[in-house]
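Residue numbers (full-length UniProt numbering): 1 to 195.
Worksheet: one structure, shown below.
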C-alpha cells in the first residue's frame with residue numbers, strides 16, 4: 001500500500017474527505033506535542049496547544065499555499081500557539097548565565113555521553129532541553145530532531161536566518177552547560193575519561 005504524500009492528503013481533505021486529516025494528525029502528532037511540551041513544560045498545557053494547533057491547521061488548510069513544506073507550516077502554527085499560551089500565562093523566564101564553554105569541556109561532555117547507555121543518554125538530553133527557555137527548546141528540537149533547515153526554522157518562527165543561527169549557537173552552549181552538570185560526576189578530573 002502506497003502512503004499518501006502530505007499534499008495528496010491535503011487535496012483529499014479540501015475535496016471533502018475530512019477523515020484524511022486523521023492521517024496527517026497521526027503523522028505529526030508526536031512532534032507537535034514535543035514542540036509544545038518543550039516550550040510550555042506542562043503536559044496538560046502542551047496537550048491543549050497541540051489540539052488547538054491541529055484544529056487551527058484543519059480550519060486554515062484552504063490557506064495552505066504549499067510554498068513551504070506542510071510540516072513547516074504546521075510547526076509554525078504550534079510554535080505561535082505555544083508562544084500565545086506563554087504570553088497568556090505571563091510566565092517569567094529565568095535565564096542562567098552561560099558558563100564559558102571551552103573545547104576541553106566539550107570533549108569531557110561528549111566523552112561522558114559516549115559512555116552512557118543510549119536510553120539514558122536520550123533521557124539526559126531531553127531533560128536538559130526541557131530546562132532551556134521555550135523558544136530555544138523549540139529551535140533546538142526543530143533543528144536536531146525534525147531536521148528542519150535554518151531557513152525553514154526562520155519561516156516557522158518569523159525570525160531572520162541570521163537570528164536563528166545566533167540562537168542555535170547560544171542554545172547549544174546552554175545545552176552543553178546543562179549537560180556538563182549531568183556529566184561531570186561521571187568524569188575523572190585527572191584524565192578526562194569517564195569512570
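No residue lacks a Cβ here, since even glycine has one placed at the ideal position from N, Cα and C.
None of these values were measured; they are calculated from a predicted model.
With 16 or more neighbouring CB atoms inside 10 Å of its own CB, residue 135 falls in the buried class.
CA-to-CA, the gap between residue 10 and residue 22 works out to about 11 Å.
Taken through DSSP and simplified to helix, strand or coil, residue 7 comes out as helix. If only complete runs of 4 or more residues are kept, the UniProt domain "RNA polymerase sigma-70 region 2" (24–91) shows the alpha helix (DSSP H) at 43–60, 70–89, in order along the chain. Three or more beta-carbon pairs drawn from the region 77–89 and the region 27–43 are found closer than 8 Å, and the two stretches are therefore classed as touching. In terms of Cβ geometry, residue 177 and residue 132 do not form a close pair [threshold 8 Å]. Distance check between residue 47 and each of 56, 57, 36, 55 places 36 closest, using alpha-carbon atoms only. For residue 53, the closest C-alpha among the options 65, 128, 25, 137 is that of 25.
Counted as a single uninterrupted DSSP element, the stretch harbouring residue 160 is not any alpha helix (DSSP H), since DSSP gives it neither H nor E. Within its own chain, no residue has a Cβ closer than 7 Å to the Cβ of residue 27 once the five positions on either side in sequence are excluded.
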